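Trainee: Just so we're aligned, residue 94 is where the sequence shown starts under my numbering, counting upward by one.
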Amino acid sequence: TPDEMQGATCTVTNLGGIGGVAFTPIVNYPEVCILGMSRGQKELRLNDGKVEERLILPLSLSYDHRVINGADAARFMVTLCNMLADPFQLLTTV
C-alpha cells in the first residue's frame, strides 16, 4: 500500500572508520535492504596477465527475502561492483 512505501527503503552504512574486513548489517524495519561498506584496503589483483595493486572496497548486502529475490540482489551487487570498478560507465550507461 502507499502507506507502506513511505520513508526510506534502503540504508547505506559505513564502518570503514572503525576498521575490519567485513560485517553483516541488519535490515532496519520497515526497510527492505541495507548495504554495508568496510574499510578499503590495497590488494594485489591480476589484470590482463599483470599483477596490479588495487584499492578494494568490501561490500555486504543484507535484504528481506520476502521482498527481494536472492538472484536479483546478486545481479544488483554485480552491477554495483562493476560501476564502482569503472566509474566512467556511470556517464555512458543509459
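Using N, Cα and C, we set each Cβ at its ideal position, and we do this for glycine too. Note that the structure is a prediction, hence the values are computed from the model and not measured.
Identify the continuous alpha helix (DSSP H) that holds valine 171 and give its terminal residues.
Mentor: In the sequence shown, residue 171 corresponds to position 78, counting from 1. From DSSP, the alpha helix (DSSP H) with valine 171 extends over 163-178.
Trainee: Helix, strand or coil for leucine 184, going by three-state DSSP, please let me know.
Mentor: Counting from one through the sequence shown, the residue named residue 184 turns up at place 91. It is helical.
Trainee: Quick check on glycine 113: buried or exposed, where buried means 16 or more other Cβ atoms within 10 Å of its Cβ?
Mentor: On the sequence shown, position 20 is the one that residue 113 refers to. Glycine 113 comes out exposed.
Trainee: Am I right that leucine 152 and methionine 170 are in contact with their C-beta atoms under 8 angstroms? What's the rounded C-beta distance?
Mentor: Here residue 152 is taken as the residue at index 59 of the sequence shown, counted from 1. Here residue 170 is taken as the residue at index 77 of the sequence shown, counted from 1. Sure, about 7 angstroms apart at Cβ, within 8 angstroms.
Trainee: Which one or two residues does DSSP pair with arginine 147 in a beta bridge?
Mentor: The sequence position of residue 147 within the sequence shown is 54, counting from 1. Partner(s): Glu136.
Trainee: With distances taken Cα to Cα, identify the nearest neighbour of leucine 150 among Leu139, Gly129, Asp96.
Mentor: Against the sequence shown, residue 150 aligns to sequence position 57. Answer by Cα proximity: Gly129.
Trainee: Check whether the Cβ atoms of valine 125 and isoleucine 161 lie closer than 8 angstroms to each other.
Mentor: Looking up residue 125 in the sequence shown gives position 32. Looking up residue 161 in the sequence shown gives position 68. With a cutoff of 8 angstroms on beta-carbon distance, valine 125 and isoleucine 161 are scored as near each other.
Trainee: Determine the burial state of tyrosine 219: buried for a count of at least 16 other Cβ atoms within 10 Å of its Cβ, exposed for fewer.
Mentor: Residue 219 lies beyond the range of the chain shown here (94 to 187); nothing can be said about it.
Trainee: Got a sec? Which residues, its chain only, sit under 8 angstroms from leucine 108 by beta carbon, not counting five neighbours each side?
Mentor: In the sequence shown, the residue the question calls residue 108 occupies position 15. Hits under 8 angstroms: Phe116, Gly129, Met130, Ser131, Arg132.
Trainee: Count the other CB atoms within 10 Å of the CB of isoleucine 127; is the residue buried (16 or more) or exposed (fewer)?
Mentor: As a first step, residue 127 is located in the sequence shown; it is residue number 34 there, counting from the start. Its Cβ being crowded by 16 or more others within 10 Å, isoleucine 127 is buried.
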